[in-house]
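Numbering (this note's numbering), first residue to last: 4 to 215.
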């Protein structure tokens, strides 16, 4: 899918008070930015920000950082924050492979992966956010009891993840092949923009949680 370029998005992201420039400077000291010692949760591939913005509103005693690679996507979340600022939410525009460069060991309590790019070709498997490559980066920043939550509508990606995660030495703590029909896992579920779209089409949503 071709990403539509939005004129002025890069500049708007670069000057937004909600977008952290040079995030590596906060490695090991994110509490100084938020001015508290609350847990840090991050969403990788946050898209337009509906999920993490709602999460931050509902949980004011956690700190949230949304990571998105493309300014033309991130700008939508910035615009929402302009209208309704949240003290416990910040954004970073960067590649997810850099997370171990900006977070220290045990600095992140939870990682959310929502409707990530499936990278369907076998030769691109390492680019999937549930691949062993990325799991190693998550391992470096998560607390010992840290959790990964993963949602997708792509069955092939989900089945890949169900195998890849245990093969990488992680535990799959819970999973469902139809989240919206699974009462035990659908409690307090926050929908992303993609989730709303796919659910309306009748597509089942897959979800798992994993830990080390």
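Note that CB positions come from ideal geometry on N, CA and C, so glycine has one too. Remember, predicted model here, so these are calculated numbers, not experimental data.
Same chain only: Cβ atoms within 7 angstroms of residue i, ignoring 5 sequence neighbours per side
i, result
"residue 141", "114, 151"
"residue 43", "33, 66, 68, 110, 111, 112"
"residue 171", "135, 138"
"residue 8", "75"
"residue 205", "none"
"residue 31", "107, 110"
"residue 184", "none"
Cβ shell of residue i (< 6 angstroms), same chain only, five flanking positions each side left out
i, result
"residue 12", "74, 75, 78"
"residue 161", "155, 209"
"residue 14", "none"
"residue 197", "118"
"residue 173", "213, 215"
"residue 46", "55, 69, 115"
"residue 201", "156"
"residue 41", "64, 65, 66"
"residue 146", "109, 112"
According to DSSP, residues forming a beta bridge with residue i
i, result
"residue 44", "67, 113"
"residue 150", "113"
"residue 213", "151, 175"
"residue 95", "70"
"residue 145", "111"
CB of residue i within 8 angstroms of CB of residue j, strictly
i, j, result
"residue 176", "residue 119", "no"
"residue 63", "residue 39", "no"
"residue 99", "residue 48", "yes"
"residue 59", "residue 36", "no"
"residue 188", "residue 179", "yes"
"residue 22", "residue 70", "no"
"residue 97", "residue 126", "no"
"residue 159", "residue 121", "yes"
Residues of its chain near residue i, where Cβ-Cβ distance is below 8 angstroms and the 5 sequence neighbours each way are ignored
i, result
"residue 103", "140, 143, 144"
"residue 4", "Bear in mind that the predicted position of residue 4 carries a pLDDT of just 44, short of 50, making it unreliable; the figure below should be weighed with that in mind. So the list is empty, once near-sequence residues are dropped."
Selection from the options that minimises the alpha carbon distance to residue i
i, options, result
"residue 2", "116, 96, 57", "Given that the chain is displayed from residue 4 to residue 215, the structure contains no residue 2 and the question cannot be resolved."
"residue 123", "153, 164, 101", "164"
"residue 168", "55, 129, 16, 183", "129"
"residue 192", "121, 84, 53, 10", "53"
"residue 28", "83, 106, 8", "106"
"residue 211", "202, 166, 55, 201", "166"
"residue 131", "153, 148, 149", "153"
"residue 220", "20, 133, 101", "Since the displayed the chain opens at 4 and closes at 215, residue 220 lies outside it and no answer follows."
Residue i - containing alpha helix (DSSP H), residue span
i, result
"residue 165", "158-170"
"residue 60", "53-61"
"residue 186", "Taken as a continuous stretch (DSSP letters only), residue 186 belongs to no alpha helix (DSSP H), as it is neither H nor E."
"residue 200", "196-203"
"residue 37", "33-37"
"residue 14", "12-18"
"residue 103", "102-105"
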